[in-house]
Amino acid sequence: MRKRVGVGLLGLAAVACALVTPSHAGVWTGVATRISDGDTLWVRPDDGGAPRRVRLQGIDAPEQCQSGGTAARAALARQVQGQRLVVQVLRRDDWGRALVRITVNGRDLGADLVRQGHAWSDGWRHHPGPYAVEEAQARVARRGVFAQAAERPRDFRRRHGPCERRDGGA
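Residue numbers for the sequence shown follow the numbering used here, so the first one is 726 and each next one is one higher.
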């Protein structure tokens, strides 16, 4: 009996969480309200509430103060402007941001940005990341940041710190 009660309580807790925070997890739709940089944007959920800051999982776009940063931000803005976005929350990062996969008209936004040369496939250690094929295509075609030797954003941040610190908090 105790086991059934425990399972029942867990089930109720899951339902309660889903009812209280439907746009914080799972899949939801919305529109972009602000673009922070080439891989981070604010999306207002269709079901109401304030816009939520989300970061595209699997890509790393140049920092705003880094070569290619302005172009990456503009590319992201062009692709989401006026579009209905399908946001799939995959997990949260150490800063509490939702790491997401976004599709626009059935297309994977992260894959498109990497293919166009506006971001790297965000690999770790010996794993090339989810968009390694798209990155290879952009490199061969010498698109965007791959047109010349470019520093990966994580290496740039390690050497220079975040742009906000360099720009006095901008």
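For every residue, glycine included, the Cβ atom is placed at its ideal position computed from N, Cα and C. Since the structure is predicted, the reported quantities are computational estimates derived from the model, not experimental observations.
Quick one: is residue i buried, meaning 16 or more other Cβ sit within 10 Å of its Cβ, or exposed?
i: R840; result: buried
i: G774; result: exposed
i: P878; result: buried
i: S846; result: buried
i: P787; result: buried
i: A872; result: exposed
i: D880; result: exposed
i: D837; result: buried
i: G886; result: exposed
i: A757; result: buried
Would you check if the distance between the CB atom of residue i and the CB atom of residue j is smaller than 8 angstroms?
i: R780; j: T765; result: yes
i: G751; j: R769; result: no
i: G842; j: G869; result: yes
i: Q789; j: V829; result: no
i: G763; j: L801; result: yes
i: I784; j: G835; result: yes
i: V812; j: W753; result: yes
Quick one: measure Cβ to Cβ for residue i and residue j, integer angstroms, because I've assumed they're closer than 8 angstroms.
i: R826; j: Q782; result: 6 angstroms
i: G807; j: A875; result: Not confirmed; about 30 angstroms, so no contact.
i: A797; j: A844; result: 6 angstroms
Taking 8 angstroms as the CB-CB cut-off, is residue i touching chain C?
i: D764; result: Absent from the structure is chain C; it holds one protein chain and no more.
Contained beta strand (DSSP E) runs [length at least 3] in the stretch 756-799, N- to C-terminal order
Secondary structure remark: continuous beta strand (DSSP E) runs of at least 3 residues inside the stretch 756-799, in chain order: 765-770, 777-781.
Okay, do the stretch 813-820 and the stretch 858-868 touch, 3+ Cβ pairs below 8 angstroms being the bar?
no
Those runs of the beta strand (DSSP E) which lie wholly inside the stretch 807-867 and span at least 3 residues:
810-817, 823-829
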